[in-house]
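A short worksheet on the structure shown next.
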Amino acid sequence: DSGVTQTPKHLITATGQRVTLRCSPRSGDLSVYWYQQSLDQGLQFLIQYYNGEERAKGNILERFSAQQFPDLHSELNLSSLELGDSALYFCATSVGGGGPRETQYFGPGTRLLVL
Amino acid sequence: GENVGLHLPTLSVQEGDNSIINCAYSNSASDYFIWYKQESGKGPQFIIDIRSNMDKRQGQRVTVLLNKTVKHLSLQIAATQPGDSAVYFCAENHHGGSQGNLIFGKGTKLSVKP
Numbered sequence: 080d081s082g083v084t085q086t087p088k089h090l091i092t093a094t095g096q097r098v099t100l101r102c103s104p105r106s107g108d109l110s111v112y113w114y115q116q117s118l119d120q121g122l123q124f125l126i127q128y129y130n131g132e133e134r135a136k137g138n139i140l141e142r143f144s145a146q147q148f149p150d151l152h153s154e155l156n157l158s159s160l161e162l163g164d165s166a167l168y169f170c171a172t173s174v175g176g177g178g179p180r181e182t183q184y185f186g187p188g189t190r191l192l193v194l
Numbered sequence: 004g005e006n007v008g009l010h011l012p013t014l015s016v017q018e019g020d021n022s023i024i025n026c027a028y029s030n031s032a033s034d035y036f037i038w039y040k041q042e043s044g045k046g047p048q049f050i051i052d053i054r055s056n057m058d059k060r061q062g063q064r065v066t067v068l069l070n071k072t073v074k075h076l077s078l079q080i081a082a083t084q085p086g087d088s089a090v091y092f093c094a095e096n097h098h099g100g101s102q103g104n105l106i107f108g109k110g111t112k113l114s115v116k117p
């Protein structure tokens, strides 16, 4: 158990809908990263927040957004959902700002199925 | 597990044998590498890391080897056990990058036969 929690574990929704995924970091971790894992793309970095501020952006669609709250938990919002958004969504957390040698610890993931 | 690609390389080993999982990385500027293990239905789990100023690092039953000349990374698992069955990913990050995001390889599925 990494100490990172994610809810919900599973999510089934329809195209065009909007969902929110939640991540709670390990105690003391200030950075939260969001990743998407799909069958054809593997693990892809989406976005990073550090202490409430956006730190880095990866392959995140404009339909997707995230935020980190004062208590350091983070939410990933996915809107106008498409079938291709079906994937596993992981958050990872690290203690600092995400320097190049900082270990990231992953949560158990949220499995999203868009029908 | 359904969280892996359909065409992952697969390594099948007998319980008790040693396993070697290989990874080629792409960015010669990468200076930090991590191996993660992902069991079915779970998130990636940190196994071991190595910095580019090293060519070998050992953990408990695992060893990571780094060959910067050919941009190759390997994970050796000694006395492989059924619980080692999982998908193994290498990940890289590079010095000077302002981003802490990791670049993951496609993964190798390790199957341990009892």
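The listed protein sequences correspond, in order, to chains L and D. Just so you know, we're using this note's numbering here: the first sequence kicks off at 80 and counts up by one. Just so you know, we're using this note's numbering here: the second sequence kicks off at 4 and counts up by one. The beta-carbon is built from N, C-alpha and C at its ideal position, and this holds for glycine as well.
Using the three-state DSSP reduction, which class does residue i fall into: helix, strand or coil?
| i | result |
| --- | --- |
| L162 of chain L | helix |
| G196 of chain L | Outside the shown range of chain L (80 to 194) lies residue 196 of chain L, about which nothing can therefore be said. |
| D87 of chain D | helix |
| D108 of chain L | coil |
| H75 of chain D | strand |
| E132 of chain L | strand |
| E141 of chain L | coil |
| N6 of chain D | Bear in mind that the predicted position of N6 of chain D carries a pLDDT of just 37, short of 50, making it unreliable; the figure below should be weighed with that in mind. If DSSP states are grouped into helix, strand and coil, N6 of chain D belongs with coil. |
| N104 of chain D | coil |
| A82 of chain D | coil |
| K109 of chain D | coil |
| N96 of chain D | strand |
| T172 of chain L | strand |
| K116 of chain D | strand |
| Y184 of chain L | strand |
| S81 of chain L | coil |
| N30 of chain D | coil |
By the DSSP assignment, the beta strand (DSSP E) with residue i in it spans what residues?
| i | result |
| --- | --- |
| I37 of chain D | S33 to Q41 |
| Q85 of chain L | T84 to T86 |
| R60 of chain D | K59 to Q61 |
| H89 of chain L | H89 to T92 |
| S103 of chain L | V98 to S103 |
| F49 of chain D | Q48 to R54 |
| T13 of chain D | T13 to Q17 |
| N156 of chain L | S153 to L157 |
| R190 of chain L | T189 to V193 |
| N21 of chain D | Element bounds for N21 of chain D: n/a, residue is neither H nor E. |
For residue i versus residue j, is the C-beta distance shorter than 8 Å?
| i | j | result |
| --- | --- | --- |
| F92 of chain D | Y184 of chain L | no |
| V115 of chain D | D87 of chain D | yes |
| T99 of chain L | E154 of chain L | yes |
| L157 of chain L | R101 of chain L | no |
| I53 of chain D | V65 of chain D | no |
| A94 of chain D | I106 of chain D | yes |
| T111 of chain D | P12 of chain D | yes |
| T94 of chain L | E161 of chain L | yes |
| Y129 of chain L | F169 of chain L | no |
| P85 of chain D | P47 of chain D | no |
| L76 of chain D | Y28 of chain D | yes |
| L125 of chain L | G137 of chain L | yes |
| K74 of chain D | S55 of chain D | no |
| K45 of chain D | P149 of chain L | no |
Taking only heavy atoms of the ligand SAM into account, decide whether any of them is closer than 7 Å to the Cβ of residue i.
| i | result |
| --- | --- |
| A89 of chain D | Among the ligands in the structure shown, none appear at all, so the ligand SAM cannot be discussed. |
| Do the stretch 161-175 of chain L and the stretch 105-121 of chain L touch if we need at least three Cβ pairs shorter than 8 Å? | yes
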